[in-house]
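See below for the structure under consideration.
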Amino acid sequence: MTQSPLNPSPALSNTLHAMGARWGWFVGLGIVLLILGLIAAVYVISATLVSVLYVGILMLIGGIGQLVHAWRVDKGWPGFVFWSLSGLLYVAAGLIAIVFPITGAAMITLILGATLIAAGAFRLWVWFNNRGQSGWQWLAASGLISLLAGLLIAAGWPENSLWILGLLLAIDLAFQGWTLLFLGVALRRGHDRRATS
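Just so it is clear: in the sequence shown, position 15 is 34 by this note's numbering, and no numbers are missing.
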């Protein structure tokens with residue numbers, strides 16, 4: 020039996036009540052993320068370089084973890100070779116991103132553009148094969164937007180690699196900030212209604 024949105028289950032109601040009591044944290048985090056998004060939008064090149072350094076550090080840590088796995092855990096020859104090569108590639112890519120962040124930004128931007136082109140083309144192909152279905156025009160629209168975004172990124176590469184990642188980071192931070200801010204306000208209203216009833 021499904022619960023009505025107006026009559027949530029007791030577990031959901033308890034969770035919403037507990038979250039509503041802490042609505043200020045959602046609003047505060049939303050404001051912080053909005054400010055960070057604004058800073059990233061103003062300093063878009065710095066935001067791009069920070070993003071690349073972050074990705075490079077994660078790749079370096081992941082590569083070291085794979086090398087440790089290969090040398091300590093996986094003693095079988097095929098697994099040892101696979102994990103060692105994978106770890107070395109990750110370490111090399113991470114070091115390139117850390118030491119040469121502009122080159123790293125160019126490579127990540129190129130991969131992003133290629134991924135968007137591939138994802139958009141795949142969605143359009145799926146839509147084309149199912150275009151008789153009702154509601155599938157949304158899949159076509161999504162595929163077309165992804166394909167066009169990927170083509171725009173690829174057309175402007177490598178010049179746009181200095182700002183595109185920072186711009187995407189700024190947009191993401193702003194959307195997360197607005198979402199948490201509105202969620203906090205909604206939780207406060209729900210908490211106030213429960214307190215007065």
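Glycine included, every Cβ here is placed at the ideal spot set by N, Cα and C.
Does the beta-carbon distance from V145 to V46 come in below 8 Å? The Cβ atoms of V145 and V46 do not sit closer than 8 Å to each other.
Among the residues of its own chain, which have a CB less than 7 Å from the CB of S217, if the five just before and after it don't count? Shown here, the chain extends from 20 to 216; a query on residue 217 therefore has no answer.
Going by Cα to Cα distance, which pick from A59, L143, G43, I50 is closest to W239? Residue 239 lies beyond the range of the chain shown here (20 to 216); nothing can be said about it.
What three-state label does DSSP hand N149 in the structure shown? Coil, per DSSP.
Could you pull out every residue in the same chain whose Cβ sits closer than 8 Å to the Cβ of W197, ignoring the five residues on either side in sequence? Excluding positions up to five away in sequence, the list reads G49, L53.
Just the C-alpha distance for M20 and A189, rounded to the nearest angstrom, thanks. Unreliable positioning characterises M20 in this predicted model, as indicated by a pLDDT of 47, which lies under 50. The coordinate reading is nonetheless provided below. M20 and A189 have their C-alpha atoms roughly 42 Å apart.
What span of residues does the alpha helix (DSSP H) with G169 cover, start to end? Its alpha helix (DSSP H) spans residues 156-175.
Boundaries (first-last residue) of the alpha helix (DSSP H) holding V71: Where V71 is concerned, the enclosing alpha helix (DSSP H) stretches over 63-87.
According to DSSP, is R208 helix, strand or coil? Helix, per DSSP.
Which one of A168, Y109, S103 has the shortest CA to CA distance from A133? Comparing Cα positions, the closest option is A168.
From N148 to A159, what distance separates their C-alpha atoms? The straight-line gap from Cα to Cα measures roughly 11 Å.
Please classify P97: is it buried, with 16 or more other beta-carbons within 10 angstroms of its beta-carbon, or exposed? Flag for P97 reads exposed.
Helix, strand or coil: how does DSSP classify W182 here? DSSP places W182 in the coil class of the three-state scheme, outside both helix and strand.
Given G82 as reference, the closest of V61, T128, A112 once Cα atoms are compared: The shortest C-alpha separation from G82 is found at A112.
Give the C-beta separation of R142 and G162 to the nearest angstrom, bearing in mind that I take them to be a contact with Cβ-Cβ under 8 Å. With 8 Å as the limit, R142 and G162 qualify as a contact, their Cβ atoms being about 3 Å apart.
If we call anything under 8 Å between Cβ atoms a contact, is I127 one with L170? L170 sits away from I127, with the two beta carbons spaced by 8 Å or more.
State the Cα-Cα distance for the pair V51 and D191, rounded to the nearest angstrom. Cα to Cα, V51 sits roughly 13 Å from D191.
Exposure label - R208; buried when at least 16 CB within 10 Å: By the neighbour-count criterion, in which a residue is buried when 16 or more other Cβ atoms sit within 10 angstroms of its Cβ, R208 is exposed.
Rounded to whole angstroms, what's the CA-CA distance from M78 to R212? Just pull it up for me. Within the model, the alpha-carbon separation for M78 versus R212 is close to 47 Å.
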